[in-house]
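Report on the following structure.
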Amino acid sequence: MATVAAPGTQAYARPALLDWLTTVDHKKLGILYLYFTMFFFAVGGILALLVRTQLAVADSSFVSNNAYNQIFTMHASAMLFLFIIPVWAGFGNYLVPLQIGAADMAFPRINALSFWLLPPAGILMFAGFLVEGGSANAGWTAYSPLAQQSGSGMDLWIISVIILGVSSTIGAANFMVTMFRMRAPGMTMFRMPIFCWTMLVTAVLQLLATPVLAAALTMLFIDRNFGGAFFDPNTGGNAILWQNIFWFYSHPAVYIMILPGMGIISEIIPVFSRKPLFGYKAFVFATMAIGGLGFSVWAHHMFTTGAVLLPFFSFMTFLIGVPTGVKIFNWLGTMWRGSITFTTPMLFGIGFVSMFLIGGINGMFSAVVPIDFAIHDTYFVVAHIHYVLFGGSVMAVFGGFYYWFPKIWGRKLNETLGKWHFGLMLIGFNLAFFPMHLLGLDGMPRRIATYSESGWEALNFASTVGSFLIGVSMIPFLIAVVAAFMRPKDQPDDPWEANTLEWGTTSPPPVYNFDELPEVRSERPLFDRRHPDLAGGGH
Amino acid sequence: MRRYGIRKTIRSVATIGIAGAASLFAYSSAFAAFGQPGGVTDEARDMHNLYLVTLAIAAVVFLAVQGALIYIIIRYRRGKREDMPAQIHGSNIVEFIWVGIPVAIVLALFTYTVIVLNTVERGADEDDMSVHVQGFQFGWEFTYSMDNLGPERSEAGSDEEFSIVGAGLDSPELVIPVDERVEFQLQSDDVIHSFYVVDFLYKLDLVPGRDNRFAVTPRETGVYQGYCAELCGVDHALMRFTVRVVEQDEFDDWVEEMRGGGEEAVSGASDTTSAVREP
Ligand SMILES: [Cu+2]
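Residue numbers (our numbering), protein chains in the order written: chain A, 3 to 541; chain X, 374 to 652.
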């Protein structure tokens, strides 16, 4: 399919820089999101290496206690708020209109606003390092009353997170309208690609939960600066109130951070197994169930406060494990009796299933409240969140990169380098995070700047080596990216024999996305076109 | 044909799962409890048993699913084949089974959780001994009152108290008698801390404005490490303490010693913090 110039685009030709700064094209904005978030992935990663360097040995004084608290707070804040949440918006921006056969998002200018809110927020958050007292240092959870004591870096952090919240709230509305109103002819809701479904549920969660966070942060800002008394018991407030409001947002936020990743690997695994997703509808309903139940489990972060109804939140937490388990079976069922090729995207997909399984299982330990009494706020929990957010989400991010790189940039990432990237990352990841289970069970509290127990040294050192191995694994990735950009755009429309509409246009797609839309009769329109004999049987 | 394939796969997956689980039990007996200490209180022992059951279930699930994954990617790799696999969109039987299995596991584990939770959280009786635990940035003060040291020792109506204070590297030691139920009353006036004794397998937060308490019956004498488990500021990492569980008559002697200990042992409340904090 040849690229046909969009009518009139020549007349509006602008310098490239101005074009990128003023674009409202969902693809360009998606690329900007990806650049922005990968930058903060690197920043958050460097902060993580500082944390691991400090903890490599007992009684370390590589950084001061004060600096340490800033470093781990900013590591988490960068990774969660500036990398993982917006990176899905990046993939979503690029892919959702293409996957549903639309020419752009429903509100292109709001879309641009969503992105352009991010850079000032990132700058504000990190400007904390320049002000007196340093950056935010109360953890990404900003528990009150501790957060009342921090310096003005904390105020910058609050403002930054509020801005990021505005960005994802308006972005969420945009995604919802786009998917509800702009699907191609024939694309019913139950023929939408799974990635779109996960973006849709994520958008609903963002729309419902993020304003709650904005409210909480505003209250905290008032407490800190205008003599408010929401959260500080010494002035008549309630410290538990902060935790309730914060986690009412932040537990759904965990699903905001993982659901689109599940969507990405649910695109990858069927393509490289040459089979449809096993149990498409079950997967969609499981996603909705996770989204719904996600609002009823927030207090499982608060089992040791003595202020929550333990059996209720325990039960709901157990319950949310069921739809999560269903998804793992969906992926296994897809590969079962398939015809599997081990391309780099598929390796990341398999890695996701394998590591996320561990992240699901070790999460169940926290649902068992009496076990949580022991492991809460220890390194066991740190292991858990990293098996979910690194073993899960980050695997999916890289899987998505290798998978859609030919579509987005018209070039393919080198497969050999990709496999080195995957292998080193998988080993480094497990070396970094598996020992944390044992440290946590042995009592090592999280967020401590230093420790004296010689018995913890070997495991911590192993973890530090693993974290640097993750850093090393980025080298083949970066080489692959640079090498790809030095080559011409030579990728065909559909290099992977994929299923969904974005592969039915050129790589990269023209400004208006499609010259002609393939017919949509199932959730795999391109498969149907390639194999008319096998078509049907889907939804 | 297709039905037969499903059964065959279920059978091989089950075989792998069972074989894997068996080898794990052999493995785990060598590695004991995968790192969790056994616990030194009645409550901790109950919780540790629950942990072992959960660990066993987790191990079976892990090996069955990870085993299935590895089996599938090896068995169904494309290799040189170029044929198109059968386009299976789902199977109601299989999907029903795999919703059912997690539901069953969850219900069983939840039931056991509630049973253990009720014993662990049953609290103390009126005349059980209690210790007041005050957390502050960045240390602890443990206060004993003479009218609250259990039925044998208490001097009813007495307002005599003594405390142990420590902060930073000078971490304090909390002393309690073995085989006697002790209640800890947790309080903080600055920020949230968390009272975590590793071998109790338990922690509870000290929340300003809340009266949190829990009780345990220690069963083994010894010295156990404790930490503040909730980030509470710059020296959070140094907010450590120990718990020494001693024989009952040793505890009686210790109490007498502390009562006669004069100024130093009876050192006051948090306003002496700054003096104590200096390493
Ligand atoms: Cu503390």
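Just so you know, even glycine gets a beta-carbon here, dropped at the ideal spot from N, CA and C. Only a predicted model underlies this, so the values are computations on that prediction, with no experimental measurement involved.
1) Can you determine whether any heavy atom of ligand 1 sits closer than 7 Å to the C-beta of residue 612/X, and answer yes or no?
2) Tell me which residue opens and which closes the alpha helix (DSSP H) that residue 175/A is part of.
3) For residue 277/A, go through chain X and note every residue whose CB falls closer than 7 Å to its CB, in chain order.
4) For residue 477/X, collect the residues of the same chain with a Cβ closer than 7 Å to its Cβ; drop the 5 residues on either side in sequence, then sort them by chain order.
5) Assess, as a yes-or-no matter, whether the segment 431-451 of chain X is touched by the segment 606-625 of chain X under the definition of 3 or more beta carbon pairs within less than 8 Å.
6) Considering just the uninterrupted stretch of the beta strand (DSSP E) at residue 537/X, what are its terminal residues?
7) Just how far apart, CA to CA, sit residue 615/X and residue 578/X?
8) Among the residues of its own chain, which have a CB less than 6 Å from the CB of residue 600/X, if the five just before and after it don't count?
9) Tell me the residue span of the alpha helix (DSSP H) that contains residue 614/X.
10) For residue 659/X, go through chain A and note every residue whose CB falls closer than 8 Å to its CB, in chain order.
11) Would you mind telling me which residues of chain D sit closer than 7 Å to residue 337/A, beta carbon to beta carbon, in chain order?
12) Along the segment 495-511 of chain X, where does the CB come closer than 7 Å to a CB of chain A? Name the residues.
13) So which of 364/A, 341/A, 368/A and 288/A has the shortest CA-CA distance to residue 330/A?
14) Report all residues from its chain with a CB closer than 8 Å to the CB of residue 383/A; omit the five preceding and five following residues, and keep chain order.
15) Hey, could you find the ends of the beta strand (DSSP E) residue 600/X is sitting in?
16) Using the three-state DSSP reduction, which class does residue 15/A fall into: helix, strand or coil?
17) Does the distance between the C-beta of residue 378/A and the nearest non-hydrogen atom of ligand 1 fall short of 7 Å?
18) Check whether the Cβ of residue 615/X lies closer than 8 Å to any Cβ atom in chain A.
19) Nearest to residue 359/A by CA position, among 420/X, 436/X and 425/X, is which residue?
20) Who are the neighbours of residue 576/X on chain A, taking C-beta pairs under 8 Å?
21) Residues of chain X with CB under 9 Å from residue 444/A, in chain order?
22) What's the gap between the Cα of residue 266/A and the Cα of residue 327/A?
23) Taking contact to mean 3 or more Cβ pairs, one atom from each stretch, closer than 8 Å, check whether the segment 129-139 of chain A and the segment 171-179 of chain A are in contact.
24) Figure out for me which residue from 247/A, 43/A and 251/A has the closest Cα to the Cα of residue 391/A.
25) Is the CB of residue 483/X under 8 Å away from at least one CB in chain A?
26) Chain X partners of residue 546/A, CB-CB under 9 Å?
27) Mind checking whether residue 320/A and residue 312/A have CB atoms under 8 Å apart?
28) Taking buried to mean at least 16 other C-beta atoms within 10 Å of its own C-beta, is residue 506/X buried or exposed?
29) Relative to the C-alpha of residue 244/A, which residue among 317/A, 255/A, 90/A and 232/A is closest?
30) Going by DSSP, what residues sit across from residue 517/X in a beta bridge?
31) In terms of DSSP beta bridges, what is residue 447/A paired with?
32) Residues of chain X with CB closer than 7 Å to the CB of residue 294/A, please, in chain order.
33) Return the CA-CA distance between residue 404/X and residue 72/A, expressed in angstroms with no decimal places.
34) Near residue 493/A, what residues of its chain come up, given a Cβ to Cβ distance below 8 Å and the 5 sequence neighbours on each side ignored?
35) Please classify residue 510/X: does DSSP put it in a helix, a strand, or coil?
36) Could you work out which residues of chain A lie near residue 437/X, taking near to mean beta carbons separated by less than 8 Å?
Considering the structure as presented:
1) Within the cutoff, so yes.
2) Element bounds for residue 175/A: 154-183.
3) Here the neighbours are 458, 460 and 461.
4) Hits under 7 Å: none found.
5) They do not touch, by the three-pair rule.
6) Element bounds for residue 537/X: 534-540.
7) The straight-line gap from Cα to Cα measures roughly 17 Å.
8) Around residue 600/X: 569 and 613.
9) Counting along the chain, residue 614/X falls outside any alpha helix (DSSP H), though it belongs to the beta strand (DSSP E) covering 613-619.
10) Outside the shown range of chain X (374 to 652) lies residue 659/X, about which nothing can therefore be said.
11) Among the protein chains of the structure shown, namely A and X, there is no chain D.
12) Hits within the stretch: zero.
13) Out of 364/A, 341/A, 368/A and 288/A, 288/A has the C-alpha closest to the C-alpha of residue 330/A.
14) When the five nearest sequence neighbours on each side are left out, the beta carbons in the same chain lying within less than 8 Å of the beta carbon of residue 383/A are those of 368, 377, 442 and 448, in order along the chain.
15) 595-601 is the span of the beta strand (DSSP E), which, as asked, contains residue 600/X.
16) In the three-state scheme derived from DSSP, where H, G and I count as helix and E and B as strand, residue 15/A is classed as coil.
17) Taking 7 Å as the cut-off, one finds no heavy atom of ligand 1 near enough to the beta carbon of residue 378/A.
18) Nearest CB-CB separation between residue 615/X and chain A: not below the 8 Å threshold.
19) Closest option to residue 359/A, judged by alpha-carbon separation, among 420/X, 436/X and 425/X: 436/X.
20) Those are 306, 375, 376, 378 and 379, listed as they occur along chain A.
21) Residue 444/A reaches chain X at 408, 409, 410 and 571, counting residues in chain order whose Cβ is nearer than 9 Å.
22) In this structure, the CA atom of residue 266/A is about 17 Å from the CA atom of residue 327/A.
23) Short answer: they don't touch.
24) Nearest of 247/A, 43/A and 251/A to residue 391/A, Cα basis: 43/A.
25) Interface residue, yes.
26) Coverage of chain A is limited to positions 3 through 541, which leaves residue 546/A absent and any answer about it impossible.
27) No, the pair does not count as a contact, with Cβ atoms beyond the cut-off.
28) Classification of residue 506/X: buried, given that the 10 Å Cβ count is 16 or more.
29) Measuring from the Cα of residue 244/A, the nearest candidate turns out to be 232/A.
30) BP columns for residue 517/X point to 535/X.
31) Paired residues: 380/A.
32) Those within 7 Å of residue 294/A in chain X number zero; the least Cβ separation is about 16 Å.
33) Low per-residue confidence applies at residue 404/X: pLDDT is 46, beneath 50, and the placement is therefore not dependable enough to give any value.
34) Same-chain partners within the cutoff: 408, 409, 412, 413, 414 and 509.
35) Residue state, collapsed to three classes: coil.
36) None at all; the shortest Cβ gap to chain A is about 10 Å.
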